[in-house]
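One structure below.
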Ligand code: SF4
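Numbering (the working numbering), first residue to last: 14 to 368.
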């Protein structure tokens, strides 16, 4: 298998706070293949956005710092680069679209200034940069590109500003685009247009995309693979179709159970009770235990490891670990309010472990 474009290994990003050290990202690993889209999903406070900021070393300092791990981009560890070297990676090899374009665009500069600056920083002359800026604005669906170049951010609608952000991000043909909740602030129609646009440009440029979102509907539409994050850790990862067909971790099951679905029309939506714990005080064993309907005493004694229950589907949960004592009565577990049936997996897993 070829080397992934990006391989993140045991990444740890911490924050010093008055209450202690918040371990926002606490040993996260994942990889993105060239031309593919990986989605990181989870509730707010799970560490998704801090993971994406860490890749570009944009964690707010001095409170935030990368405490360990590797970020291998085309085989080179970005954490070994100097500040200047990292500046040349940002916006050129790796670009980012942020959640709210108004906070990322400079209100005092025209759109033209902001797009061409991104290109001139990385070696294009003013004329080339302007020509490409016009082309990019048309490409992202802003047909009056010449006049848009002269406008200021406040003169554009939310959807137009997000298109401008995409144009800036794509200006230097990045190999990896990080899109952090790129459509959250937009209405559904514009959201669909922006997603289609990212996908179209991705195919055309062979770019990889890291999508950060809490929206499983968007994941289903655009992602090849999914990592589910909870309390600073990856708890499950899988190809998108497999995850949607058969989520394994109780947290993932809970996220799916709270989605509207055609076959549950007329029924109340399940809710995932409770909140993500405080990152300065993660629970010592399973971090999801307090909210988990499958929990038993071992869950609060032993730390679950990310292990493959079946081939290449890593899950961080004792339900899939035959070495953990006292796994629960499965019939009772099925009665729990979280939808799902782990019995088949457990049976297969136990058989595999017995062989
Ligand atoms: S380890 Fe236990 S508490 Fe944690 S997710 Fe699995 S079943 Fe639930």
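Just so you know, even glycine gets a beta-carbon here, dropped at the ideal spot from N, CA and C.
DSSP lists 43 and 84 as the beta-bridge partner residues of residue 21. Residue 183: member of the alpha helix (DSSP H) spanning 171 to 183, first to last residue. Counting of Cβ neighbours within 10 angstroms places residue 288 among the exposed residues, the total staying below 16.
With a contact defined as Cβ atoms closer than 8 Å, residue 40 and residue 25 qualify at about 6 Å. About 6 Å separates the beta carbons of residue 51 and residue 223, which is inside the 8 Å limit, making them a contact pair. Short note on residue 302: C-beta closer than 7 Å to some heavy atom of the ligand SF4. Runs of the beta strand (DSSP E) lying entirely within the segment 226 to 285, each at least 3 residues long, are 238 to 243 and 246 to 252 in chain order.
By the Cβ neighbour-count rule, residue 62 is buried, with 16 or more other Cβ atoms within 10 Å of its own.
About 5 Å separates the CB atoms of residue 329 and residue 248; that is less than 8 Å, so the two are in contact.
Of the heavy atoms belonging to the ligand SF4, none sits nearer than 7 Å to the Cβ of residue 43. The three-state reading of DSSP puts residue 116 in helix, counting H, G and I together. The three-state secondary structure of residue 61, taken from DSSP, is helix. Assigned with DSSP and collapsed to three states, residue 53 falls in strand. A contact is defined here as three or more CB-CB pairs under 8 Å, and the segment 120 to 135 fails this definition with respect to the segment 83 to 98.
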